[in-house]
Amino acid sequence: MYGKQTETAIAAVSYLAALWEGPTTRRVSAADIADGRGLQRPFVAKLLSSLSPAGIVSGSPGPGGGYALAKDPREICLRDVWAIFERPESSRVGFVGSEICGVSVPNGLSDRIGRVEQAMNSLLDETTFDVFCGHPEMLAAGSQTIGHSEERQAG
114 MYGKQTETAI
124 AAVSYLAALW
134 EGPTTRRVSA
144 ADIADGRGLQ
154 RPFVAKLLSS
164 LSPAGIVSGS
174 PGPGGGYALA
184 KDPREICLRD
194 VWAIFERPES
204 SRVGFVGSEI
214 CGVSVPNGLS
224 DRIGRVEQAM
234 NSLLDETTFD
244 VFCGHPEMLA
254 AGSQTIGHSE
264 ERQAG
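In the working numbering, the protein residues as written are 114 to 268.
Rendered as structure tokens:
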């Protein structure tokens, strides 16, 4: 339903949301975010540069610079981040009952997939990043976020 870029971007934005103290929140470097989440520094830096023009994060160069949320985390939903890195049509599972294969499956699998997609869309639209605010434990390296897979927990 979403890829590695989206997962990592959600992890980075959730890190910034955990720091949120209003418009005067201190800025942190891409390296701080990456290290805090156990992610690759260059990848996080690249994703932050995509999140900035979208108005999700704001970045400032130089000493005292870094990244912070561009607006209140209550105004940023998971869909805002997802939409930057995913194509809406790519999230549609195309192997069952779709125009790609043209075959309808009589066992209800297509309906079940539709319910999963509906639940995912609700999660993306209704979950805002304020769920991460006020949780300093979320800043520790390897912290689980909505965007982190269970595989990371085991590793």
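We put the beta carbon where it would ideally sit given N, CA and C, even for glycine.
Predicted, not measured: the structure shown is a model, and the values here were computed from it.
- request: For residue 161, collect the residues of the same chain with a Cβ closer than 7 Å to its Cβ; drop the 5 residues on either side in sequence, then sort them by chain order.
  value: Here the set comprises 125, 143, 170, 172, 180.
query: Would residue 153 count as contacting chain B if we go by Cβ distances under 9 Å?
result: No chain B appears in this structure, which consists of one protein chain only.
message: Can you tell me whether residue 194 is buried or exposed? The criterion is at least 16 other CB atoms within 10 Å of its CB, across all chains shown.
response: Under this definition residue 194 is a buried residue.
field: Nearest to residue 189 (by Cα), restricted to the options 139, 245, 152
entry: A check of alpha carbon separations from residue 189 across 139, 245, 152 identifies 245 as the nearest.
task: Report the residue from 234, 117, 140 whose alpha carbon sits nearest the alpha carbon of residue 176.
output: Here the closest residue by C-alpha is 140.
- prompt: Out of curiosity, what's the CA-to-CA distance linking residue 131 and residue 149?
  reply: Using only the alpha carbons, I get a separation of about 11 Å.
- prompt: Taking DSSP as the reference, what is the three-state secondary structure of residue 121?
  reply: In the structure shown, residue 121 sits in a helix (DSSP, three-state: H, G or I).
- request: Express the C-alpha separation of residue 163 and residue 136 in angstroms, rounding to a whole number.
  value: Straight-line Cα distance between these residues: approximately 21 Å.
- prompt: My guess is that residue 191 and residue 129 are in contact by the Cβ rule of under 8 Å, so how many angstroms apart are they, rounded?
  reply: Actually they are not in contact, since the Cβ atoms of residue 191 and residue 129 sit about 14 Å apart, beyond 8 Å.
message: From the DSSP secondary-structure annotation, give me the bridge partner or partners of residue 241.
response: Partner(s): 190.
- prompt: For residue 157, which option in 236, 119, 237, 235 has the closest C-alpha, if you only look at C-alpha atoms?
  reply: Comparing Cα positions, the closest option is 119.
task: Look up residue 126 in the DSSP assignment and say whether it is helix, strand or coil.
output: Judged by DSSP in its simplified three-state form, residue 126 adopts helix.
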